[in-house]
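Down below is the structure, laid out as structure tokens.
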């Protein structure tokens, strides 16, 4: 196991309250390259949206993954959901990339951070 | 990539509202077996706690991972935080297992589920 993920793997979120979109998904066993292309494009685009505070993501060797994106408001989440480039990616998700997913919208009320360097 | 994670990889949560504990962590590059032993023990114990509704977890090849545990109330989260067997595991986490972690407590307000079988 390499020593660490990229330094920006953690989202540098402000003090709560803010919102979290918890996306849990099981990938299908196909279209690996196309999936990574679209996923990277959407991650980059999401971070540019007004009110997007960051995102954290991990997928294991079984293709099971969690992505949590943080937003300043429910309105910002809706704007991203309805974004003209995000909509076709959501369709691809259902038609091609995923077997199953769960999407939960939550209001972050408390947050704690710990680092060995502190 | 194998076709799927275990069928219980998704938490079978009730209708919102309920709470999510979003734990994002970077593992250190050591104590692999001991870590997996303690992590499995804590996952099993957490699911037995009153008010624990389930959990979802993924860690990538860089040792970066997300675990989201779901609870019925803030009180149930506090009871698990203060549990006599969970406390020493939290200390091990800081002393031995993790480089950095972020812990966020959030109230789940909406949830959507999608499956290719639906």
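Protein chains in written order, with the numbering used here: chain A, 172 to 289; chain B, 172 to 289.
Beta carbons are placed, not taken as given, at the ideal position from N, Cα and C, and that holds for glycine.
Among the options, the one whose alpha carbon lies nearest that of residue i
i                      : options                       : result
residue 221 of chain B : B:231, B:250 and B:275        : B:250
residue 185 of chain B : B:289, B:287, B:280 and B:208 : B:280
residue 187 of chain B : B:277, B:285, B:287 and B:289 : B:277
residue 289 of chain B : A:269, A:200 and A:219        : A:269
Beta-carbon spacing of residue i, residue j below 9 Å
i                      : j                      : result
residue 235 of chain B : residue 267 of chain B : no
residue 272 of chain B : residue 284 of chain A : yes
residue 287 of chain A : residue 275 of chain B : no
residue 229 of chain B : residue 229 of chain A : yes
residue 241 of chain B : residue 223 of chain B : yes
Rounded Cβ spacing between residue i and residue j (contact assumed at less than 8 Å)
i                      : j                      : result
residue 237 of chain A : residue 227 of chain B : 6 Å
residue 261 of chain B : residue 180 of chain A : 21 Å between Cβ atoms; not a contact.
residue 176 of chain B : residue 225 of chain B : With a Cβ gap of about 14 Å, residue 176 of chain B and residue 225 of chain B do not count as contacting.
residue 193 of chain B : residue 239 of chain A : 6 Å
residue 231 of chain A : residue 231 of chain B : 7 Å
First and last residue of the uninterrupted beta strand (DSSP E) at residue i
i                      : result
residue 281 of chain A : 269 to 286
residue 191 of chain B : 189 to 198
Contact set for residue i: own chain, Cβ-Cβ below 6 Å, skip 5 residues either direction
i                      : result
residue 254 of chain A : none
residue 282 of chain B : 187
residue 199 of chain B : 270
residue 259 of chain A : none
Nonlocal neighbours in the same chain, by C-beta distance under 8 Å from residue i, ignoring five residues either side
i                      : result
residue 257 of chain B : 213, 216, 217 and 251
residue 246 of chain B : 222
The alpha helix (DSSP H) enclosing residue i, as first and last residue numbers
i                      : result
residue 217 of chain A : 203 to 219
residue 247 of chain B : 245 to 252
residue 260 of chain A : 257 to 263
Beta-carbon contacts of residue i that lie in its chain and below 7 Å, excluding the five residues immediately before and after
i                      : result
residue 244 of chain A : 190 and 222
residue 263 of chain B : 209
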